[in-house]
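Residue numbers (this note's numbering): 7 to 118.
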């Protein structure tokens with residue numbers, strides 16, 4: 007994956023230089039350590055899926071030693087939406103508990 011990241015960074019730097027030249031500006035590429043990178047590492051996604059026992063169809067495994075891992079990001083949508091729904095239900099449940107406990111605390115303080 008690092009090989010692909012480096013290739014993409016080089017391509018982005020080259021595109022930035024072409025764009026700046028077209029705009030009549032002197033291109034100043036960012037140092038590599040300042041470039042922001044986003045995305046998942048396919049091997050880490052695969053490992054997380056295996057650890058949780060989840061069969062995730064969004065991972066494209068290499069077919070041979072020269073092939074690369076890949077991710078189909080569209081496949082992330084349904085599990086992420088489900089996770090957010092479950093989190094929201096938990097947040098609402100905990101919010102009700104907090105509200106109840108705050109009410110009891112207020113009641114106990116008022117009895118002093």
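Yeah, the Cβ is synthetic: ideal placement off N, Cα and C, and Gly gets one too.
Limits of the unbroken alpha helix (DSSP H) element including residue i
i          : result
residue 92 : 83 to 116
residue 57 : 48 to 58
Beta-carbon separation (whole angstroms), residue i vs residue j, contact threshold 8 Å
i          : j           : result
residue 77 : residue 51  : 6 Å
residue 65 : residue 48  : 6 Å
residue 81 : residue 101 : With 8 Å as the limit, residue 81 and residue 101 do not qualify as a contact, their Cβ atoms being about 32 Å apart.
Residues that DSSP places opposite residue i in a beta bridge
i          : result
residue 66 : 76
Residue i classed as buried or exposed, judged by whether at least 16 other C-beta atoms fall within 10 angstroms
i         : result
residue 8 : Low per-residue confidence applies at residue 8: pLDDT is 49, beneath 50, and the placement is therefore not dependable enough to give any value.
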